[in-house]
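Novice:
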Ligand SMILES: Cc1cc2nc3c(=O)[nH]c(=O)nc-3n(C[C@H](O)[C@H](O)[C@H](O)COP(=O)(O)OP(=O)(O)OC[C@H]3O[C@@H](n4cnc5c(N)ncnc54)[C@H](O)[C@@H]3O)c2cc1C
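Residue numbers (the working numbering): 122 to 590.
#1: Determine the contact status of residue 147 and residue 132, defining contact as a CB-CB distance below 7 Å.
#2: Does the structure place the segment 304-316 close enough to the segment 227-240 that three or more beta carbon pairs sit under 8 Å?
#3: How would you call residue 474, buried or exposed, if buried means at least 16 neighbouring beta carbons within 10 angstroms?
#4: I need the boundaries of the beta strand (DSSP E) containing residue 418, first residue and last residue.
#5: Quick one: using the 10 Å Cβ neighbour count with 16 as the cut-off for buried, is residue 205 buried or exposed?
#6: Please identify the residue among 445, 451, 463 whose C-alpha is closest to the C-alpha of residue 428.
#7: Does DSSP put residue 552 in a helix, a strand or coil?
#8: In whole angstroms, what separates the C-alpha of residue 372 from that of residue 144?
#9: Select from 435, 151, 401, 588 the residue whose C-alpha is nearest the C-alpha of residue 358.
#10: Below 7 Å between beta carbons: does that hold for residue 562 and residue 375?
#11: Which two residues bound the contiguous beta strand (DSSP E) that contains residue 479?
#12: For residue 340, write down the residues that DSSP places opposite it in a beta bridge.
#13: In the DSSP assignment, what residue or residues form a beta bridge with residue 125?
#14: Which value, in whole angstroms, describes the spacing of the CA atoms of residue 264 and residue 470?
#15: Mind checking whether residue 458 and residue 158 have CB atoms under 7 Å apart?
#16: Whose CA, out of 531, 556, 310, lies closest to the CA of residue 386?
#17: Based on Cα-Cα distance, which residue from 396, 546, 214, 334 lies nearest to residue 164?
#18: Only counting the same chain, and skipping five residues up and downstream in sequence, which positions put a Cβ closer than 7 Å to that of residue 127?
#19: Compute the distance between the beta-carbons of residue 504 and residue 417, then report whether it is under 7 Å.
#20: Name the residue from 477, 381, 434 whose alpha carbon lies nearest to the alpha carbon of residue 529.
#21: Does residue 375 come out as helix, strand or coil in the three-state DSSP assignment?
#22: Any idea if residue 570 is buried or exposed, counting beta-carbon neighbours within 10 angstroms, 16 or more meaning buried?
#23: Would you mind reading off the limits of the alpha helix (DSSP H) that contains residue 220?
#24: Identify which residue in 404, 279, 391 has its Cα closest to the Cα of residue 558.
#25: Does ligand 1 have a heavy atom nearer than 6 Å to the CB of residue 153?
#26: Residue 165 bridges to which residues according to DSSP?
#27: Who are the near neighbours of residue 316 in its chain, counting only those whose CB is closer than 7 Å to its CB and skipping five residues on each side?
#28: Go ahead and label residue 575 buried or exposed: buried means 16 or more other beta carbons lie within 10 angstroms of its beta carbon, across all protein chains shown.
#29: Using a threshold of 7 Å, state whether the C-beta atoms of residue 256 and residue 271 are closer than that.
#30: Can you say whether residue 360 is buried or exposed, counting buried as having 16 or more other CB atoms within 10 angstroms of its CB?
#31: Under a three-way DSSP split, which group does residue 233 fall into?
#32: Please work out which residues of its chain come closer than 7 Å, Cβ to Cβ, to residue 395, disregarding the five sequence neighbours upstream and downstream, and give them in chain order.
#33: Is the separation between the beta-carbon of residue 326 and that of residue 247 shorter than 7 Å?
#34: Can you check which of these residues, 182, 508, 192, 515, is closest to residue 343 by C-alpha distance?
#35: Contact between the segment 237-244 and the segment 285-303 is defined here as three or more beta-carbon pairs at a separation below 8 Å; is this criterion met?
#36: Here's the rule: buried if 16 or more other CB atoms are within 10 angstroms of the residue's CB, otherwise exposed. What is residue 486?
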C-alpha cells in the first residue's frame, strides 16, 4: 500500500494504528499534543526525583493478552513484563486478604469452598485464551469462529455481577468478584457488569496481570521503537486543531474521543455524523493519587505484599454501594480504591529502599470533590500507618487528568461509558468509520473500549486499509 497516513494522538491505540498502516507500506506521521508520546501510558517523576509514576495505566492484563501486541517484537524494543507472585490481593476487615494466584489450580485451591465454582466459571476461557481474546477484543459480531465458546461467554456477560456472584458461597469470593466487576464503572446490578469481571479474571490466569519494567512508558517506547523501524514518525508537541490542515494525507486516523473529533472535524464531517457523535456518553471519572513512600505499604494482611494490584473496598455490598453512588452522580463515603504497588517488584521505580504507590477511586464525570481523605481512609483501613510512610503525593482531579491527556474527558479513563448500547454502537453504528471516506476514529471510544491493548487502533487501521484498497 502506498500513500501517506496521519494518526492524530500517540496513545496506545494511535500507535497501534500507525504500526498497522506502516506495516502495509504507508508513510505514517503521528501527531501528538503532549511533549511525550503515550497518552495514558506514560511514566513520569510526579512526586520526587527518582520516583517514577505511571500517570495513567499501570497494570496490563489486556496489554499482555493483546493479540496485536503479541504479534509485535515488543521485547526487542525494551518491553519486559514483570509478574508479581500473586495476581491480586483483596484485603478484608478481619485482617486477612483474599489472594488470587495466577495458576488456576492453585487459585481454586486457595478459594476453598468456591474453588470449584471459580474454576468452572473461568476455565473454559482461560484454556482457550488465544481463541477467546481476538473474539472479545473486537466489535460485537453475531458471526464467530468459535460460536460455542462465545455463546458460553455471552450468556454470562449479559448478566450483572450480582447475579453471577451468587455462584459463590463465601463472602470472600464474592468480594473478590466485586472488585473485578467494579472496573466496569457500571452498577454491579447492571447487565454487562459480569462481563468486565470475567474479562479481567480470565487473563489473570491466562496471561497474568503484569507490570512493565520501568513503567507504562516502556510499552509506549516499544511501540514507538518498532514504528520507527517501519519508517513511521511521531511528532510530539504537535496538536491538531482542525482536520482541514491534514489535506495532504490519504488517510487520517483519530485517536480521539467523539467530543474532540467534533471539535476538529469542521466541514470534513457531515452534520448528521457530528450530531450522532454528540450523543456519545462519557463515563465516570477518576480521582487519582500517586505516592512516594519511605517504606512498603504496612498492610495488616502481610500477604498483600505478594501482589502488584490491591483492591480496597471490603465486601460485595460495600463495593456495590460505592459504584452505585458514583453511577447515580454521587460520591461514595467509602470508595472502592484500585491500588498498585509496582516498586515492590520493579526496583527501577524508586530510589533504593523507597517505594511508589498508585491509587484511584471513581467519581462522577468532571467531579470537583476532593476525595483525598476518603481515599486515604480506605488505605489506612487495611494498612494502618500508611500515611506515616508518605514522603510526597501528587493528586489528580478529573480536570487534572484531562489537562494531561485531552482524551480523559471529565476524568473518564475508559473513553466513554461501556453499557449495552455503547458496547454495540461505539461511538456510533459505524464503529471506526466516520462520514468521511478517508477519516477514521481509533481511540478507546471504539470497540473493544478502554484498556491498553491497542485493539481499537488495530481494527480501525485494518478497516481503513481494506476500504482504501
Ligand atoms: C488513571 C488511569 C488508570 C488506568 N489504568 C489502566 C490500567 O491499569 N490498565 C489498562 O489497561 N488501562 C488502564 N487505563 C486505561 C488506558 O490507559 C486507556 O484506555 C488507554 O490509554 C486508551 O488509549 P488511547 O490510545 O485510546 O488514548 P490515550 O491513551 O488517552 O491517548 C490519546 C492521545 O491523543 C493525544 N491527543 C488528544 N487530542 C489531540 C490532538 N488534537 N492532537 C494531537 N494529539 C492529541 C493525547 O495527548 C494522547 O496522547 C487507565 C487510564 C487512566 C487515565
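C-beta: ideal position from N, C-alpha, C; glycine also.
Specialist: According to the structure shown:
#1: In this structure, residue 132 does not lie closer than 7 Å to residue 147 by Cβ.
#2: Too few Cβ pairs lie closer than 8 Å, so no.
#3: exposed
#4: It is not in any beta strand (DSSP E) - residue 418 carries neither H nor E in the DSSP assignment.
#5: With at least 16 other beta carbons inside 10 angstroms of its own, residue 205 counts as buried.
#6: 463
#7: coil
#8: 15 Å
#9: 151
#10: yes
#11: 476-484
#12: In DSSP, residue 340 forms no bridge with anything.
#13: 148
#14: 45 Å
#15: no
#16: Looking at the Cα atoms, 556 is the closest of the given residues.
#17: 334
#18: 150, 152, 367, 370, 373
#19: No, the pair does not count as a contact, with Cβ atoms beyond the cut-off.
#20: Considering only 477, 381, 434, the residue with the shortest C-alpha distance to residue 529 is 381.
#21: strand
#22: Buried is the call here.
#23: No alpha helix (DSSP H) contains residue 220, which is instead part of the beta strand (DSSP E) from 218-222.
#24: It is 391.
#25: Yes, Cβ of residue 153 sits closer than 6 Å to a heavy atom of ligand 1.
#26: Paired residue(s): 174.
#27: 278
#28: buried
#29: yes
#30: exposed
#31: helix
#32: Only 383, 386 meet the Cβ criterion.
#33: yes
#34: 192
#35: Result yes; three or more Cβ-Cβ pairs closer than 8 Å.
#36: buried
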